[in-house]
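Trainee: Handing you a structure now.
In mature numbering (1 follows the signal peptide of the UniProt record, and there is no 0), the protein residues as written are -18 to -1, 1 to 66.
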């Protein structure tokens, strides 16, 4: 083969590699962006869940003592299902 054909083939190979590399980098950037969005949504959901748990815990501490006494006086499941 003549040197100019080898040079032409090397240039074609280099161009093909550069195109593939650019395509792979673009796909990877899109994938990272998608994963970042999913992570952001998951973190927001977790923060909302934590806030809800904290609100429920605070509500639980504000329950009137009478309600707790009423709950304590209720019959158990066994007593309701099998009365004497």
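C-beta atoms are modelled at their ideal positions from N, C-alpha and C, and glycine is treated no differently.
Could you check what DSSP says for residue 65 in three-state terms: helix, strand or coil?
Mentor: As a position in the chain shown, residue 65 is number 83, starting the count at 1. Three-state result, residue 65: coil.
Trainee: For residue 10 and residue 59, what's the separation of their Cα atoms in angstroms?
Mentor: Here residue 10 refers to the residue found at position 28 when the chain shown is read from its first residue. Here residue 59 refers to the residue found at position 77 when the chain shown is read from its first residue. C-alpha separation (whole angstroms): 57 Å.
Trainee: Just the C-alpha distance for residue -17 and residue 8, rounded to the nearest angstrom, thanks.
Mentor: Your numbering for residue -17 matches position 2 in the chain shown. Your numbering for residue 8 matches position 26 in the chain shown. The straight-line gap from Cα to Cα measures roughly 37 Å.
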